[in-house]
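Before any comments, here is the structure.
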């Protein structure tokens, strides 16, 4: 084989590998599953409702960037404020047609996930509460949000989607 032919073959092989690697990495950069998990429980000591939301950070950031037409990342001066606003608008609890006030505890970003912490008023039970969860379901039609709940008498899960945004916690009895 001539020296020129081997260089040409090596160059073609390298270009092919670069193209293949780039093409193969593109699907890995995006994901096709959009989900959020919320855990809600009554603290046995304080009796307060404790809520922990977990979402993919870039899904939250992209939704806010799209909504506000700006670049949005952890370095943004309004990072926590805008995420707080998103959660306060998209997640609520009602009892007998009355909204329960949810206190914002804070958020943290850990390994590509955003954890949001909220706390509700003292309750001995979750049964009968109506939960609205519209977080990201209008931005990502494939978004599925799961709420896991537990107190001394009731435990279970609720699922929220673009078509199902409100659900009631029913007694296990």
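Numbering (this note's numbering), first residue to last: 88 to 260. We treat Cβ as the ideally placed atom computed from N, Cα and C, and that holds for glycine. All values reported here derive from a predicted model rather than from experimental measurement.
*Separation of residue 125 from residue 144, as counted between CA atoms*: One C-alpha to the other measures close to 15 Å.
*asked:* Measuring CB atoms only, is the segment 188-199 touching the segment 217-228, in the sense that at least three cross pairs come out at less than 8 Å?
replied: With a cut-off of 8 Å on Cβ pairs, the segment 188-199 is not in contact with the segment 217-228, counting fewer than three such pairs.
*Using beta-carbon positions only, say whether residue 233 and residue 122 come within less than 9 Å of one another.*
Yes, they are a contact pair.
*Under 9 Å, do residue 230 and residue 127 count as touching if we go by C-beta distance?*
Taking 9 Å as the Cβ cut-off, residue 230 and residue 127 do not qualify as a contacting pair.
*Jot down the residue ranges of each uninterrupted beta strand (DSSP E) in the segment 121-189, minimum 3 residues, whole runs only, in chain order.*
Whole beta strand (DSSP E) segments, 3+ residues: 122-129, 135-143, 178-182.
*Using alpha carbons as the reference points, say which of 131, 188, 166 lies closest to residue 175.*
The residue among 131, 188, 166 with its C-alpha nearest the C-alpha of residue 175 is 188.
*asked:* Cutting at 8 Å between CB atoms, please list the residues of its own chain near residue 147, excluding the five before and the five after it.
replied: Taken in chain order, the residues that qualify are 170, 173, 201, 223.
_Nearest-angstrom beta carbon gap, residue 210 and residue 153 [assumed within contact, 8 Å]_ = Not really, about 36 Å apart at Cβ, beyond 8 Å.
*From the DSSP output, in three-state form, read off residue 216 for me.*
DSSP, read as helix, strand or coil, puts residue 216 in coil.
*Straight-line CA distance for residue 241 to residue 195?*
Straight across, the Cα-Cα distance linking residue 241 with residue 195 is about 29 Å.
*Please name the residue in 203, 177, 208 whose C-alpha comes closest to that of residue 247.*
Looking at the Cα atoms, 177 is the closest of the given residues.
_DSSP state of residue 206 mapped onto helix, strand, coil_ = Of the three classes helix, strand and coil, the one that applies to residue 206 here is strand, per DSSP.
*Along the beta strand (DSSP E) that carries residue 236, what are the first and last residues, could you check?*
Element bounds for residue 236: 231-237.
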